[in-house]
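A.B. asks: Here the sequence shown stands for residues 4 to 478, numbered as in my numbering.
If you scroll down you'll find the structure; I have some questions about it.
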Amino acid sequence: DDGRVVGLSEEELKTSLKNLEEAAKRIGAKVTVIREVNGKIGKAVEVLVRRTKESGNFPIWLYIPVLGNVDSGKSSLVGVLTTGIYDDGRGGAMARVARYLHEIRMRRTSSISCHPLGFDESGRIVNYGLSSPLDEAEIFLNSTKIIDFVDLGGHERYFKTTLKGIVGHHPDYCIITVSANDGVKPMTIEHLKVVVGLKLPMIFVITKIDLAPHKTRKIVEDIQSLVKLPKINSIPFLVKNMDDVVVASKVMVTGRITPIFLVSNVTGEGLNLLQSFLNLLPQRTRWSEEVKKPFLMYVDDIFNVRGVGPVVSGLVKQGKVSENDNVLLGPFKDGSFKRVRVKSIHINRTFVGCAVAGNDACLALAGVSYEELRKGMAVLNVDSKPKAVKAFEADVFILHHPTTIREGYQAVVHAQTIRQSAEFTEIYGGKVLRTGDYGRVKLTFMYYPEFLLEGQKFVFREANAKGIGVVRKTF
4 DDGRVVGLSE
14 EELKTSLKNL
24 EEAAKRIGAK
34 VTVIREVNGK
44 IGKAVEVLVR
54 RTKESGNFPI
64 WLYIPVLGNV
74 DSGKSSLVGV
84 LTTGIYDDGR
94 GGAMARVARY
104 LHEIRMRRTS
114 SISCHPLGFD
124 ESGRIVNYGL
134 SSPLDEAEIF
144 LNSTKIIDFV
154 DLGGHERYFK
164 TTLKGIVGHH
174 PDYCIITVSA
184 NDGVKPMTIE
194 HLKVVVGLKL
204 PMIFVITKID
214 LAPHKTRKIV
224 EDIQSLVKLP
234 KINSIPFLVK
244 NMDDVVVASK
254 VMVTGRITPI
264 FLVSNVTGEG
274 LNLLQSFLNL
284 LPQRTRWSEE
294 VKKPFLMYVD
304 DIFNVRGVGP
314 VVSGLVKQGK
324 VSENDNVLLG
334 PFKDGSFKRV
344 RVKSIHINRT
354 FVGCAVAGND
364 ACLALAGVSY
374 EELRKGMAVL
384 NVDSKPKAVK
394 AFEADVFILH
404 HPTTIREGYQ
414 AVVHAQTIRQ
424 SAEFTEIYGG
434 KVLRTGDYGR
444 VKLTFMYYPE
454 FLLEGQKFVF
464 REANAKGIGV
474 VRKTF
């Protein structure tokens, strides 16, 4: 065997595809040919098998934060991908997905916003066939796969908000944008450190290639050198054609390669390859396994809706919740948990009867007032026996610190949607910690208890100091 594809005759290939389509139809799926190659004596095809909307299942859901330096084209890329309308070179695409007026005026993202890109069973983008490409309800109802882009700020001033967006959305992958006319900047490196520390597979997208085509090769080489560094140790893969797209999408889930795409949001160059890649990209989290666990959701945002009452939103981390279920909410500032009822559930502005692990859902709650709610709370199965955590032990890695970390050092901890200052009350081994050090420490929340589980990852920061940690024991 010389490793080459033998292939099938035209008749054999036609029969094989017909049999595969029939088998897929019986399980509520559809077969789409991705590519066709010539073998030694015939042809071979690679196909995508995806369940149809008629199967009654929730869409396949992926969460991808979009990171990068300020003015690197993050929001413009999200705007072009989700609407199908090219940028005008003056911030038009960014304005379509901006959350606040001041972001449009400054042309600078300062908040966290999520924008879905839907695909049907044939791999066609659902957004582009809608009267409003950003209609979340229609995208949800007509898609079999949804990429939820988490658009984040690139300016150093908004780094704490960016951290919350990364750790609070359970990312499958991360996109890091680099502008062709600016190249890799210090903030690009800071975002990269966090992504590597959290062990998230990453995708580099070089934007604005129409502005500086002569600089593109140098920037590609810089990124290739960057991802080959010992602490990253990834294989850079410049995507040039559809064959590269198929290979990259299959290997991405291992985190071993880092695809690099070259795009222009103004001319549309390279966007077709990125769209095809996103269509083929597999889920990294096995939500089907998480559904079997007791219900857990961290509160990412809170609302007081007229005529409805208090509403909490967040990603369902595990389990399932249905309308009229009783759940536990907390911890409150005294460490207690309160029994409340789920009055109704929204997913992408659509009423649903239940939400399962992997869904970003809104829950209208009865039995609690809006004033009692805060971001970072947990909503849990009513039969669970949660413990409010005031202190915890963790293994930490110091990404950067200008001097040394000693007992008594204070930093802001980002875990899930939790954001609270904590004190390093004990550094085991009696040593100090510097940039690049690993250590076991005990941290104590400074204001009120939170709900943490052993094994959860977190990020801590204080001014220019940053680190990554894993919870090992709670108190």
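In this text, a Cβ means the ideal position worked out from N, Cα and C, and glycines have one as well.
Quick caveat, the model's predicted, so the values are computed rather than measured.
#1: Can you tell me which of the three DSSP states P239 falls into?
#2: Look at the Cβ atom of P334, then the Cβ atom of F454, and state whether they are nearer than 7 angstroms.
#3: So, using beta-carbon positions, are V371 and V170 closer together than 7 angstroms?
#4: Quick one: any contact between the region 300-307 and the region 359-379, if contact means 3 or more CB pairs under 8 angstroms?
#5: How many Å lie between K390 and L104 at the Cα?
#6: Are the beta-carbon atoms belonging to T438 and I408 less than 7 angstroms from one another?
#7: Report all residues from its chain with a CB closer than 8 angstroms to the CB of C357; omit the five preceding and five following residues, and keep chain order.
#8: Just how far apart, CA to CA, sit G82 and R99?
#9: Does the beta-carbon distance from F143 to N282 come in below 7 angstroms?
#10: Within 10 Å of its beta-carbon, does K234 have 16 or more other beta-carbons around it, so buried, or fewer, so exposed?
#11: Evaluate N22 with the Cβ neighbour count: other Cβ atoms within 10 Å of its Cβ, from every protein chain shown; 16 or more gives buried, anything less gives exposed.
#12: Report the option in T270, I44, C117, R54 whose CA atom is closest to the CA atom of E92.
#13: Can you tell me which of the three DSSP states Y441 falls into?
#14: Write down the C-beta distance between N467 and H403 rounded to the nearest angstrom, noting that I regard them as a contact closer than 8 angstroms.
#15: Around the C-beta of G168, are 16 or more other C-beta atoms found within 10 angstroms, so that it is buried, or is it exposed?
#16: For P174, report the span of its alpha helix (DSSP H) as first-last.
#17: My understanding is that R220 touches I238, with C-beta atoms under 8 angstroms, so please give their C-beta distance in whole angstroms.
#18: Measure the Cβ-Cβ separation of G31 and R53 and say whether it is below 7 angstroms.
#19: Quick one: Cα of K476 to Cα of H194, how far?
#20: Once you ignore the five residues that flank F340 on each side, which residues in its own chain have a CB closer than 8 angstroms to its CB?
#21: If I follow the unbroken beta strand (DSSP E) through N384, where does it start and stop?
#22: In chain order, what residues of the same chain lie with their CB nearer than 6 angstroms to the CB of P174, ignoring the 5 residues before and after it?
#23: Quick check on the burial criterion: 16 or more other C-beta atoms within 10 angstroms. Buried or exposed for M109?
#24: Assuming D247 is part of the alpha helix (DSSP H), what are its boundary residues?
#25: Terminal residues of the continuous beta strand (DSSP E) containing T428?
#26: For G156 and S113, which I take to be in contact (beta-carbon distance under 8 angstroms), what is that distance rounded to the nearest angstrom?
#27: Can you tell me which residues form a DSSP beta bridge with Y66?
#28: Alpha carbon to alpha carbon, how far is N275 from K296?
#29: Please list, in chain order, all residues of the same chain as I149 whose beta carbon is under 6 angstroms from its beta carbon, the five residues on each side excluded.
#30: Hey, A394 and T447: beta-carbon distance below 7 angstroms or not?
#31: Take the Cβ of S79 as the centre, count every other Cβ of all protein chains shown within 10 Å, and call the residue buried at 16 or more, exposed below.
#32: Whether or not the region 175-192 and the region 239-250 are in contact is what I'm after, with contact meaning three or more pairs of Cβ atoms, one per stretch, closer than 8 angstroms; do they touch?
#33: Suppose you measure from the CA of S135 to the CA of A96; what does that come to, to the nearest Å?
#34: To which residues of the same chain is F280 closer than 6 angstroms at the C-beta, ignoring the five residues directly before and after it?
#35: Within 10 Å of its beta-carbon, does V9 have 16 or more other beta-carbons around it, so buried, or fewer, so exposed?
#36: Do you know how far the Cα of P189 is from the Cα of H158?
C.D. replies: By the coordinates alone:
#1: To locate residue 239, count along the sequence shown from 1; it is residue 236. Reduced to three states, the DSSP call for P239 is strand.
#2: As a position in the sequence shown, residue 334 is number 331, starting the count at 1. As a position in the sequence shown, residue 454 is number 451, starting the count at 1. Yes, the pair counts as a contact, with Cβ atoms nearer than the cut-off.
#3: Residue 371 sits at position 368 when you count from the first residue of the sequence shown. Residue 170 sits at position 167 when you count from the first residue of the sequence shown. No, they are not a contact pair.
#4: yes
#5: Mapped onto the sequence shown, residue 390 falls at position 387. Mapped onto the sequence shown, residue 104 falls at position 101. One C-alpha to the other measures close to 41 angstroms.
#6: For the purposes of this step, residue 438 is taken as residue 435 along the sequence shown, with counting starting at 1. For the purposes of this step, residue 408 is taken as residue 405 along the sequence shown, with counting starting at 1. Not closer than 7 angstroms, so no.
#7: Residue 357 sits at position 354 when you count from the first residue of the sequence shown. The answer, listed in chain order, is K323, V324, S325, E326, I348.
#8: Position 79 of the sequence shown holds residue 82. Position 96 of the sequence shown holds residue 99. Near 6 angstroms, if we compare the C-alpha coordinates of R99 and G82.
#9: Taking the sequence shown and counting its residues from 1, one reaches residue 143 at position 140. Taking the sequence shown and counting its residues from 1, one reaches residue 282 at position 279. No. Outside cutoff.
#10: As a working note, residue 234 is residue 231 in the sequence shown. K234 should be labelled exposed.
#11: Your numbering for residue 22 matches position 19 in the sequence shown. Burial call: exposed.
#12: Here residue 92 corresponds to residue number 89 of the sequence shown, with the count starting at 1. Reading the sequence as shown, one finds Gly at residue 92 and not Glu. Of the listed residues, the one whose Cα sits closest to G92 is T270.
#13: Position 438 of the sequence shown, counting from 1, holds the residue named residue 441. Strand.
#14: By one-based count along the sequence shown, residue 467 stands at place 464. By one-based count along the sequence shown, residue 403 stands at place 400. With 8 angstroms as the limit, N467 and H403 qualify as a contact, their Cβ atoms being about 7 angstroms apart.
#15: As a position in the sequence shown, residue 168 is number 165, starting the count at 1. With 16 or more other Cβ atoms within 10 Å, it is buried.
#16: Translated into positions along the sequence shown, residue 174 becomes position 171. Counting along the chain, P174 falls outside any alpha helix (DSSP H), and DSSP gives it neither H nor E.
#17: For the purposes of this step, residue 220 is taken as the residue at position 217 of the sequence shown. For the purposes of this step, residue 238 is taken as the residue at position 235 of the sequence shown. Contact flag wrong, Cβ pair sits at about 19 angstroms.
#18: Mapped onto the sequence shown, residue 31 falls at position 28. Mapped onto the sequence shown, residue 53 falls at position 50. Not a contact, by the Cβ cut-off of 7 angstroms.
#19: Along the sequence shown, read from residue 1 onward, the residue named residue 476 stands at position 473. Along the sequence shown, read from residue 1 onward, the residue named residue 194 stands at position 191. Distance between the alpha carbons of K476 and H194: 28 angstroms.
#20: As a working note, residue 340 is residue 337 in the sequence shown. Only L331, L332, G333, P334, L383, P389, A391 meet the Cβ criterion.
#21: Position 381 of the sequence shown, counted from the first residue, corresponds to residue 384. Counting along the chain, the beta strand (DSSP E) containing N384 begins and ends at 381-384.
#22: Numbered from its first residue, the sequence shown carries residue 174 at position 171. Around P174: Y66, P68, L203.
#23: Translated into positions along the sequence shown, residue 109 becomes position 106. The residue is exposed, with fewer than 16 neighbouring Cβ atoms inside 10 Å.
#24: Position 244 of the sequence shown, counted from the first residue, corresponds to residue 247. It spans 245-254 - the alpha helix (DSSP H) in which D247 sits, taken as one unbroken run.
#25: Within the sequence shown, residue 428 is the residue found at index 425, counting from 1. Taken as a continuous stretch (DSSP letters only), the beta strand (DSSP E) holding T428 covers 421-430.
#26: Along the sequence shown, one-based indexing puts residue 156 at 153. Along the sequence shown, one-based indexing puts residue 113 at 110. Contact flag correct, Cβ pair sits at about 5 angstroms.
#27: Counted from its first residue, the sequence shown places residue 66 at position 63. For Y66, which the question treats as bridged, DSSP gives the partners D151.
#28: Reading the sequence shown from its first residue, position 272 is the one you call residue 275. Reading the sequence shown from its first residue, position 293 is the one you call residue 296. If I take the Cα positions, the gap works out to 38 angstroms.
#29: If you number the sequence shown from 1, residue 149 lands on position 146. Here the set comprises P62, W64, P119, G121.
#30: Position 391 of the sequence shown, counting from 1, holds the residue named residue 394. Position 444 of the sequence shown, counting from 1, holds the residue named residue 447. Yes, they are a contact pair.
#31: Your numbering for residue 79 matches position 76 in the sequence shown. It is buried - the Cβ of S79 has at least 16 other Cβ atoms within 10 Å.
#32: no
#33: By one-based count along the sequence shown, residue 135 stands at place 132. By one-based count along the sequence shown, residue 96 stands at place 93. Taking the straight line joining both Cα atoms gives about 14 angstroms.
#34: Residue mapping note: residue 280 aligns to position 277 of the sequence shown, counting from 1. Here the set comprises V248, S252.
#35: The residue given as residue 9 occupies position 6 in the sequence shown. Its Cβ having fewer than 16 others within 10 Å, V9 is exposed.
#36: As a working mapping, residue 158 is identified with position 155 in the sequence shown. As a working mapping, residue 189 is identified with position 186 in the sequence shown. When rounded, the distance between both Cα atoms is 11 angstroms.
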